[in-house]
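Visitor: Numbering-wise (the numbering used here), the first sequence opens with residue 296 and increments by one.
Below: one structure in structure tokens.
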Amino acid sequence: MNITDLIQKGVIAGIKQLYGADIAPERITMNITRKEFEGDYTVVTFPFTKIAKKKPDEIATELGHFMVSNVAEIEKFNVVKGFLNLSISPVFWKNFLLETAGNPRFGQQEKNGRRVMIEFCSPNTNKPLHLGHVRNILLGWSCSKIYEAAGFEVIKVQVINDRGIAICKSMLAWEKFAPKGQAEGATPESTGKKSDHFVGDYYVLFEKKFQEEYKAWQQSDIADAIFQEKKGAIKEVSEIKAEAMAKALFFKNFYKNTYFNEYSILGKEAREMLMKWEAKDPATIALWKKMNQWVYDGFEETFKKLGVSFDKYYYESETYLLGKDAVEEGLEKGVFYKKEDGSVWADLTGAKLDHKVVLRSDGTSVYITQDIGTAQVRYKDFAPEKMVYVVADEQDYHFKALFEILKRLGEPYADGLYHLNYGMVDLPSGKMKSREGTVVDADDLIAEVIAEATKESEARGEISSFSETEKADIIQRVALGALKFQIIKVQPKKRMVFDPAESVEMQGHTGPYVQYANVRANSILKKAEAMGMKRPAWKEVAGAYVSLKKEEKDIVGLLYRFPETIRFAAETYDPSAIAAYCYDLAKNFSKLVAELSILKAETEEAKAFRLEICAAVSNTLTAGMGLLGIEMPERM
RNA sequence: GGUCCCGUAGCUCAGCUGGAUAGAGCAUUUGCCUUCUAAGCAAAGGGUCCCAGGUUCGAGCCCUGGCGGGAUCACCA
């Protein structure tokens with residue numbers, strides 16, 4: 296049985312016997328004893344003063360005596376200002392270490408037969424992946440690993456936004472502007488460019504050509520007439536005295552979309568392309584397929600580098616018409632209402648939201664309609680009891696509305712919906728802006744951390760005798776360990792500042808620090824084996840070790856908390872809890888290695904016990920970092 | 001303007017869902033490699049936990065009101 300449960304039960308029984316009162320388990324506040332006091336767990340006795348009609352110190356003392364004589368695992372206690380510090384018997388810790396912590400499956404819960412679907416990444420197909428996607432992917436991947444460890448079956452999916460005006464812009468730019476030297480124009484192969492970047496370049500080229508066209512048009516009489524007519528209505532513009540500056544601001548910030556839709560030639564061509572696509576024009580579909588395939592090939596390369604994969608891809612081109620049936624049904628059920636112009640709405644004011652369109656007056660779907668339909672399809676496909684959407688917090692409102700609608704539609708999975716929202720990633724210089732070219736590209740970033748790790752590794756020389764493949768593998772693990780840990784250690788919902796210089800940092804609170812602790816543990820174990828010591832045998836010897844040193848007990852106590860940390864991370868959808876745990880464990884282990892000799896321990900029992908600590912720490916760190924998608928190097 | 005999120009050391013972040021003297025890393029300063037990998041260990045300095053009230057035996061954490069930053073309020077996605 297769990298030690299915290301045992302203490303809880305003991306306290307309940309103690310209060311009952313000493314003061315004749317029944318208390319609920321949640322009334323008991325229990326903490327890990329702070330480092331500066333003696334003990335393992337601390338019970339706070341202030342809440343019992345009313346029941347017992349005594350001072351906290353007296354209660355703590357009486358309860359302490361009760362616990363020691365009634366709970367076998369509690370060896371002794373001390374009282375400091377109403378805090379009852381309980382010391383768990385060394386035998387309990389020893390048994391836990393020898394019987395549980397070294398098990399390769401330690402921390403993994405038994406399969407619970409429950410199924411959860413996690414959606415993450417979900418990119419557009421007009422541009423390569425960037426730092427924002429990286430945070431998303433790492434969160435989604437890590438959550439799926441954590442849920443697996445918590446006993447769930449996990450289905451990892453993403454929605455590829457493969458249609459719409461954005462990809463049409465890339466298509467149009469490629470068709471119009473790509474050099475036509477060869478039979479079919481420039482390709483990723485002919486240019487040697489990574490294929491998703493190749494497509495992204497044409498998206499950028501479209502924007503550039505569009506801006507040129509827009510700038511030229513701004514000199515026209517009609518543009519001037521429009522400016523004169525509209526400028527008064529916009530406060531920011533009318534406040535500027537200099538006419539030229541006001542005009543520039545107006546066209547930059549307030550008129551671009553209208554121009555694109557009503558005047559732009561390129562805009563018109565792009566929209567025509569979208570219409571041809573919707574009409575399933577063969578040439579357009581062929582072009583669309585070709586360019587999307589280039590993007591997918593590029594994405595797969597990046598996923599592979601990041602070490603992630605998906606079980607199922609949903610394509611927007613296949614789902615964008617879904618959800619209309621649900622709207623019909625919802626109308627019948629009275630979940631939605633129809634306006635005179637034919638548009639269909641959901642009145643969500645009862646849920647502190649607003650009215651939301653679910654079908655346009657022309658009968659076509661909007662974004663949320665698709666999402667309703669897609670949720671239903673997913674449930675039909677996999678019947679998960681939970682569906683987690685990893686999407687940035689700018690879409691908080693959208694998901695609130697979506698979930699409320701699905702609930703009202705009476706969907707069976709409605710209570711298992713969760714929006715794992717995370718904050719934007721900023722740079723030390725501020726927000727990433729595609730227009731200013733400050734977006735950090737995922738592939739560039741990965742290349743950069745690998746280059747840095749290579750430099751670092753060469754300087755150290757530890758693995759210089761290894762083969763090129765082995766070296767590359769180790770460097771890859773260390774580099775990505777640094778990058779991933781840097782991002783995942785921050786709580787998802789917090790907006791974070793990502794400093795590229797810090798992401799290649801390998802000292803202190805970093806991934807490589809944790810990896811290094813693990814490498815040292817393994818290195819000691821290997822030496823022990825070379826000295827002729829074997830695992831089952833040393834465990835026998837370790838059984839005789841009873842008086843644990845502080846460093847040892849701290850680590851065993853930490854190991855004990857691994858399963859509950861996984862449970863906590865799963866419940867709160869928070870991988871940063873695992874990152875914090877791994878760092879804490881690595882830190883305590885590094886301290887132990889510095890303070891105590893292992894292979895030259897004072898007794899054979901101590902040596903065996905510490906070797907078992909090495910085994911358990913290595914096992915737990917490897918598992919824990921695995922939950923973050925970080926692999927451990929053999930040496931470094 | 002309405003709604004939601006965030007505000008902790010110079011910087012980047014923890015703080016176990018209300019408990020003891022608020023912790024790490026980076027940066028600065030200083031010790032420790034003939035001993036299990038120094039990507040390490042130890043030590044020092046560094047705080048108005050945004051502000052003001054309130055609840056409580058007890059508040060960084062809960063409530064109210066401000067201030068600052070961000071997001072969102074489309075028949076866009």
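The C-beta atom is built at its ideal place from N, Cα and C for all residues, glycine as well.
Computed from a predicted structure; not experimentally measured.
Between 924, 928, 916, 927, which lies nearest to residue 402 when the distance is taken from Cα to Cα?
Guide: Measuring from the Cα of residue 402, the nearest candidate turns out to be 916.
Visitor: Quick check on residue 332: buried or exposed, where buried means 16 or more other Cβ atoms within 10 Å of its Cβ?
Guide: It counts as exposed.
Visitor: Pick out whichever of 547, 629, 503 has its Cα sitting closest to the Cα of residue 522.
Guide: Measuring from the Cα of residue 522, the nearest candidate turns out to be 547.
Visitor: Closest by CA to residue 356, which one among 310, 833, 400?
Guide: The shortest C-alpha separation from residue 356 is found at 310.
Visitor: Anyone know if the C-beta pair for residue 743 and residue 795 falls short of 8 Å?
Guide: Closer than 8 Å, so yes.
Visitor: When DSSP labels each residue in this structure, what does residue 799 get in the three-state scheme?
Guide: Correct three-state label for residue 799: coil.
Visitor: Using the Cβ count rule (16 or more neighbours within 10 Å means buried), how would you classify residue 560?
Guide: Exposed, because fewer than 16 other Cβ atoms sit within 10 Å of the Cβ of residue 560.
Visitor: Excluding sequence positions up to five away, which residues of its chain have a Cβ less than 6 Å from the Cβ of residue 666?
Guide: Around residue 666: 697.
Visitor: Tell whether a beta-carbon distance below 8 Å holds between residue 685 and residue 413.
Guide: Closer than 8 Å, so yes.
Visitor: Cα separation between residue 407 and residue 466?
Guide: Their Cα atoms are separated by approximately 47 Å.
Visitor: Just to confirm, is the Cβ distance from residue 423 to residue 621 under 8 Å?
Guide: Not closer than 8 Å, so no.
Visitor: Opposite residue 469 in the DSSP bridges: which residues?
Guide: Answer is none; residue 469 lacks a bridge partner.
Visitor: Would you kindly work out how many angstroms separate the C-alpha atoms of residue 487 and residue 473, rounded to a whole number?
Guide: Each residue's alpha carbon lies about 15 Å from the other.
Visitor: Any idea what DSSP makes of residue 421, helix, strand or coil?
Guide: The answer is coil: DSSP assigns residue 421 none of H, G, I, E or B.
Visitor: Do you know offhand how far residue 724's Cα is from residue 792's?
Guide: Distance between the alpha carbons of residue 724 and residue 792: 9 Å.
Visitor: Would you say the stretch 910-924 touches the stretch 386-397, given that touching needs at least three Cβ pairs under 8 Å?
Guide: Yes, since at least three Cβ pairs between the stretch 910-924 and the stretch 386-397 fall closer than 8 Å, the two stretches touch.
Visitor: Determine the closest residue to residue 770 out of 717, 925, 492, with distance taken between C-alpha atoms.
Guide: Nearest C-alpha to residue 770: 925.
Visitor: Consult DSSP for residue 725 and reduce its assignment to one of helix, strand or coil.
Guide: Here residue 725 sits in strand by DSSP.
Visitor: From the DSSP output, in three-state form, read off residue 414 for me.
Guide: Reduced to three states, the DSSP call for residue 414 is strand.
Visitor: Tell me whether residue 549 sits in a helix, a strand or coil according to DSSP, three-state version.
Guide: Three-state DSSP puts residue 549 in a helix.
Visitor: Which partner residues of residue 275 appear in the DSSP bridge assignment?
Guide: Residue 275 is absent from the model: the chain starts at 296 and stops at 931.
Visitor: Short check: CB of residue 368 to CB of residue 301, under 8 Å?
Guide: Cβ atoms of residue 368 and residue 301: closer than 8 Å.
Visitor: Which of the three DSSP states, helix, strand or coil, is assigned to residue 682?
Guide: The answer is strand: DSSP assigns residue 682 an E or B state.
Visitor: Alpha carbon to alpha carbon, how far is residue 317 from residue 304?
Guide: So the two alpha carbons sit approximately 11 Å from each other.
Visitor: Just list the beta strand (DSSP E) runs in the stretch 349-383, keeping only unbroken ones of 3 residues or longer that don't cross its boundaries, in chain order.
Guide: For the stretch 349-383, whole beta strand (DSSP E) runs of length 3 or above, ordered along the chain, are 369-375, 378-383.
Visitor: Do residue 372 and residue 364 have their C-beta atoms within less than 8 Å of each other?
Guide: Going by C-beta atoms, residue 372 is not nearer than 8 Å to residue 364.
Visitor: Between residue 601 and residue 460, how many whole angstroms is the CB-CB distance? I'm expecting something under 8 Å.
Guide: Going by Cβ atoms, the distance from residue 601 to residue 460 rounds to 29 Å, so no, they are not a contact pair.
Visitor: When burial is assigned at 16 or more other CB atoms within 10 Å of the CB, is residue 539 buried or exposed?
Guide: By the 10 Å Cβ count, residue 539 comes out exposed.
Visitor: Quick check on the DSSP output: the alpha helix (DSSP H) that includes residue 507 runs from which residue to which?
Guide: Counting along the chain, the alpha helix (DSSP H) containing residue 507 begins and ends at 490-512.
Visitor: According to the neighbour-count rule (16 or more other Cβ atoms, all chains shown, within 10 Å of its Cβ), is residue 444 buried or exposed?
Guide: Classification for residue 444: buried.
Visitor: For a test of the three-state rule: what should DSSP assign to residue 534, helix, strand or coil?
Guide: Reduced to three states, the DSSP call for residue 534 is coil.
Visitor: Classify residue 464: buried if its beta carbon has 16 or more other beta carbons within 10 angstroms, exposed otherwise.
Guide: Burial call: buried.
Visitor: Can you tell which of 327, 339, 349 has the C-alpha that lies nearest to the C-alpha of residue 314?
Guide: Nearest C-alpha to residue 314: 349.
Visitor: If residue 874 sits next to residue 784, beta carbons under 8 Å apart, how far is it from one beta carbon to the other, in whole angstroms?
Guide: Confirmed, about 4 Å.
Visitor: Please name the residue, chosen from 437, 312, 786, 480, that lies closest to residue 362 on a Cα-to-Cα basis.
Guide: Residue 362 has its Cα closest to that of 312, out of 437, 312, 786, 480.
Visitor: Does DSSP put residue 660 in a helix, in a strand, or in coil?
Guide: In this structure, residue 660 counts as strand in the three-state DSSP scheme.
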